[in-house]
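Colleague: Supplied in structure tokens, the structure appears directly below.
In UniProt numbering, the protein residues as written are 1 to 175.
Structural data, given as structure tokens:
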């Protein structure tokens with residue numbers, strides 16, 4: 001009987017950790033980059049490999065960086081919310097196409113609509129890694145000085161736009 005106590009105790013501890021892990025939400029994981037300068041990058045655009053998007057071009061503006069991929073199911077689910085945000089024209093919305101194929105990405109934008117002012121192509125995922133991306137979609141709000149002010153993990157919703165993004169964008173634009 002005594003020889004079963006240790007394995008059962010270990011199993012019970014594992015169940016506790018599993019229970020805790022299942023209750024965690026990836027959206028609640030804080031980013032160590034919030035409050036720090038956003039990584040600078042210069043990447044070709046999805047639609048035209050001869051055109052370049054430079055993050056430094058956004059200095060002096062509040063902007064939203066949305067990390068997405070054509071192979072990402074949650075990206076498809078969040079897309080209507082991004083189109084909605086883009087139509088409001090309150091902030092430039094820039095796409096960072098992460099770890100994808102240029103042709104697949106362009107077909108995806110053609111099919112579902114393009115909410116982005118520019119769409120940088122991060123085919124090898126290195127820029128996404130610099131931003132601490134560990135899964136798509138992820139959305140960043142970057143202020144006029146180039147500091148990351150907010151990171152949202154997971155699919156963006158209309159409620160998040162209304163309750164989190166728009167108030168922050170308004171504060172950053174007028175503060």
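We put the CB at the ideal spot given by N, CA and C, even for glycine.
Note that the structure is a prediction, hence the values are computed from the model and not measured.
Taking the straight line between their C-alpha atoms, what separation do you get for residue 123 and residue 38?
Modeller: Going by the C-alpha atoms only, they are around 19 Å apart.
Colleague: Quick check: what's the CA-CA separation for residue 158 versus residue 46?
Modeller: So the alpha carbons of these two residues sit roughly 25 Å apart.
Colleague: State buried or exposed for residue 42, treating a residue as buried only when at least 16 other CB atoms are found within 10 Å of its CB.
Modeller: Label assigned to residue 42: exposed.
Colleague: Is the CB-CB distance between residue 191 and residue 117 below 7 Å?
Modeller: The structure shown does not extend to residue 191, since the chain spans only 1 to 175, so no value can be given for it.
Colleague: Between the alpha carbons of residue 126 and residue 35, how many angstroms are there, rounded?
Modeller: If you take the alpha carbons of residue 126 and residue 35, they lie about 21 Å apart.
Colleague: Does DSSP classify residue 105 as helix, strand or coil?
Modeller: Note: residue 105 maps to helix in three-state DSSP.
Colleague: Which residues in the same chain have their Cβ closer than 8 Å to the Cβ of residue 107, if we skip the five residues on either side of it in sequence?
Modeller: 70, listed in sequence order.
Colleague: Going by beta carbon distance, what residues of the same chain come within less than 7 Å of residue 136, once the five residues before and after it are set aside?
Modeller: Excluding residues within five positions, the ones whose Cβ falls inside 7 Å are 67, 68, 69, 72, 75, 98.
Colleague: DSSP beta-bridge partners for residue 171?
Modeller: According to DSSP, which records beta bridges pairwise, residue 171 is partnered with nothing at all.
Colleague: Is it buried or exposed for residue 27, if we count other Cβ within 10 angstroms and need 16 for buried?
Modeller: Note on residue 27: pLDDT 47, under 50, position unreliable in the model; no value is reported.
Colleague: Figure out for me which residue from 82, 147, 5 has the closest Cα to the Cα of residue 112.
Modeller: Considering only alpha carbons, the answer is 82.
Colleague: Classify residue 5: buried if its beta carbon has 16 or more other beta carbons within 10 angstroms, exposed otherwise.
Modeller: Burial call: exposed.
Colleague: Can you round the beta-carbon distance between residue 160 and residue 152 to whole angstroms, since I take them to be within the 8 Å contact cut?
Modeller: Between residue 152 and residue 160 the Cβ distance is about 6 Å, and since that is below 8 Å, they are a contact.
Colleague: Under the three-state reduction of DSSP, which class applies to residue 162: helix, strand or coil?
Modeller: Reduced to three states, the DSSP call for residue 162 is helix.
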